[in-house]
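Contents: one structure, followed by commentary.
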Amino acid sequence: MEYQCSVCGAKVKNNLMVYIDHTEQHIIDEIKSHHPDWAEEDGLCSKCVEYYKAQLRGESAA
Ligand SMILES: [Zn+2]
């Protein structure tokens, strides 16, 4: 069974998708600021999690 990441559109295996914990609300807020239609219960792929965590650490060139 495959899951489609609603943030980047990538297809990933169900067991590789990530649900963000409420204690990481700052990550949820960051994702929602870029993807208003996304909801945390949708989950996202591990690449997106790493991407947004990096953004919040200020590692992006943007
Ligand atoms: Zn993704």
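Residue numbers for the sequence shown follow this note's numbering, beginning at 9 and rising by one. Every residue, glycine too, gets a C-beta built ideally from N, C-alpha and C.
Coil, strand or helix - residue i by DSSP
i, result
"E10", "strand"
"C16", "coil"
Own chain residues within Cβ distance below 6 Å of residue i, not counting five before or after
i, result
"I35", "I28 and Y60"
"S14", "W46 and D50"
"A18", "C53"
Residue from the options with nearest C-alpha to residue i
i, options, result
"G66", "Q12, V20 and E38", "E38"
"H30", "L52, E58 and E48", "E48"
Span separating the alpha-carbon of residue i from that of residue j
i, j, result
"Q63", "M25", "19 Å"
"S54", "V20", "9 Å"
"Q33", "C16", "19 Å"
Sequence-distant residues of the same chain with beta carbon closer than 8 Å to residue i, five excluded per side
i, result
"Y22", "Here residue 22 turns out to be Asn, not Tyr, going by the sequence shown. Cβ neighbours of N22 beyond the five flanking positions: M9, E10 and Y11."
Close Cβ partners of residue i (< 7 Å) along its chain, the five nearest in sequence each way excluded
i, result
"C56", "C13, V15 and C16"
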